[in-house]
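A.B. asks:
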Amino acid sequence: MIVVDACDEWSPLREVVVGTAYGAMFPDEDPRMIEATMPREHWANFRAGHPFPSRIVDAAERELQALAEVLETLGCVVHRPQRVPWAGLGGYCAAMPRDCLLVMGNRVLEAPMAWRSRRQELLAYWPLLRQLRPSGARWLPSAVDLALDPHTSGPSHSGPWVIGEGRPAWDAADFLRLGPRTVLGQLSHVTNRSGVAHLRTQLGPGINVHLIQPDDPHAMHIDATLCPLREGLALYNPDRLDPTHLAGSPMDGWELVPAPSPEPRDHPPLYMTSPWVSMNLLVVDNQHVLTETRDEKLQALLGSYGMTPLALPFRNVQAMGGSFHCATLDLRRDRHRAEARNRDHRAISSVDERPA
Ligand code: DAV
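Residue numbers for the sequence shown follow this note's numbering, so the first one is 154 and each next one is one higher.
1) Got a sec? Which residues, its chain only, sit under 6 Å from S347 by beta carbon, not counting five neighbours each side?
2) Give the secondary structure of G475 by DSSP, where H, G and I count as helix, E and B as strand, and everything else as coil.
3) If you run the structure through DSSP and keep just helix, strand and coil, what is Q257?
4) Does the beta carbon of D376 fall short of 7 Å from some heavy atom of the ligand DAV?
5) Please name the residue or residues paired with F328 in a DSSP beta bridge.
6) Which same chain residues end up closer than 6 Å to H351 when comparing Cβ atoms and leaving out the 5 residues on each side of it in sequence?
7) Does the beta carbon of N345 fall short of 7 Å from some heavy atom of the ligand DAV?
8) Helix, strand or coil: which one does DSSP assign to N390?
9) Would you say the beta carbon of T446 is closer than 7 Å to some non-hydrogen atom of the ligand DAV?
10) Relative to the C-alpha of G243, which candidate in Q235, R283, C253 and F199 has its C-alpha closest?
11) Does the structure place the segment 328–337 close enough to the segment 233–250 that three or more beta carbon pairs sit under 8 Å?
12) How many whole angstroms separate the CB atoms of R353 and M257, which I take to be in contact at a CB cut-off of 8 Å?
13) Closer than 7 Å: is that where the CB of M404 sits relative to any heavy atom of the ligand DAV?
14) Can you list, in chain order, the stretches of the alpha helix (DSSP H) that have 4 or more residues and sit fully within the segment 238–300?
15) State yes or no: is the C-beta of G475 nearer than 7 Å to some heavy atom of the ligand DAV?
16) Identify whether L463 lies in helix, strand or coil by the three-state DSSP scheme.
17) Evaluate the contact criterion for the segment 158–170 versus the segment 380–392: three or more CB pairs, one atom per stretch, below 8 Å.
18) Count the C-beta pairs between the segment 245–265 and the segment 447–454 that are closer than 8 Å, then say yes if the count reaches three, no if not.
19) Would you say T481 and L465 are within 8 Å of each other, going by their C-beta atoms?
20) Considering T226, what are the terminal residues of the alpha helix (DSSP H) in which it resides?
21) Quick check on the DSSP output: the alpha helix (DSSP H) that includes R346 runs from which residue to which?
22) Closest to G401 by C-alpha separation, out of Q366, P391, R418 and P422, would be which residue?
Now the structure itself:
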């Protein structure tokens, strides 16, 4: 039985999914989508039937296995996706569970993903999702017709994005949980306005979905733009975000620390992200946070904020499109300890940060 209960990005992690690189293929997508979101030098790789180099996949799988073992050592129950032969299905991979499922409280929401290569990704998580019901977790299928093409169909395109409004579309990684009643997110090349309306309906009236708009012409996922470290403290991407723009958002009043520039790298290539994937971190508890071995400036910065960075090699996973936050999905974070901590904090500061 799997207990699902997570409503922020930092409370002590107890149960988690760690992705698998097995069978990873370059996504085959509308060229407009690839050109809007992917690094130019790698566009030619995004074609049907083209696997990621096997050395990278094998090394990424070892990195993911090491991550799973570290999380177990830290007391987390770790689940792995089922292995799916993506080559025959026109799919991508199950290395990035953060993108296709959104956990909020005891709800698990299926994201109506825009990319056609990702429409069958739930296959990898199905054995896990089947175990949810006995625990009282609420599984919410997207109930969106994913066969409709969100790129070109629909009344209008929304602003600078290649995606249209042909059907609701959102990726879970365009959103961050900031507490039991607060989600922060963005529109992007994979999240449209009707997608945000769909997400709001799925979450219900008690949860505020607040949108911010970072300056990111290639926007696809918010988790290399903002990284909450604990309540009131977050890293931000100084290339994309002016922290004064968070005034009036749920992060108003937070201490916002610019992430250090990414370390130079050439191998393995970052096929699918910007180098800022370095700030895509997984916070394990109020002390521990996972970082890539070579990101020493970032580790020093985290140390100066009283955190203990745990350094793991993860460059091959990063090559496939994400780092520690993308490659995991929190199922349960220890709410009681977080609430107890908040109570202590309130007693000390007399500031009522979050209504009971
Ligand atoms: O370069 O901002 C990183 C996150 C991918 N899930 C980027 C994308």
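The beta-carbon is built from N, C-alpha and C at its ideal position, and this holds for glycine as well. Here the structure is a predicted model, which means the values were calculated and not measured.
C.D. replies: Looking at the coordinates:
1) Apart from sequence neighbours up to five positions away, the residues of its chain that approach S347 with a beta-carbon distance below 6 Å are E318 and P321, ordered along the chain.
2) G475 falls in the coil class under three-state DSSP.
3) Here residue 257 is Met; the residue named in the question, Gln, does not match the sequence. Residue state, collapsed to three classes: strand.
4) Answer for D376: yes, Cβ within range of the ligand DAV.
5) According to DSSP, F328 bridges with G338.
6) If we look at H351 and ignore the five residues flanking it on each side, its Cβ neighbours are P321.
7) In this structure, N345 has its beta carbon at no less than 7 Å from each heavy atom of the ligand DAV.
8) For N390, the secondary structure class from DSSP, reduced to helix, strand or coil, is coil.
9) No; taking the cut-off as 7 Å, the Cβ of T446 has no heavy atom of the ligand DAV nearer than that.
10) Ranking the options by Cα distance to G243, first place goes to F199.
11) No, the segment 233–250 does not touch the segment 328–337.
12) Taking the Cβ atoms as the reference, R353 lies roughly 12 Å from M257, outside the contact range of under 8 Å.
13) The beta carbon of M404 sits no closer than 7 Å to any heavy atom of the ligand DAV.
14) Runs of the alpha helix (DSSP H) inside the segment 238–300: 279–282.
15) G475 Cβ: within cutoff of the ligand DAV.
16) In the structure shown, L463 sits in a strand (DSSP, three-state: E or B).
17) These segments touch.
18) Verdict: no, contact absent.
19) In this structure, T481 lies away from L465, with their beta-carbon atoms at least 8 Å apart.
20) That run of the alpha helix (DSSP H) goes S207 to T226.
21) Note, R346: alpha helix (DSSP H), R346 to L356.
22) Out of Q366, P391, R418 and P422, Q366 has the C-alpha closest to the C-alpha of G401.
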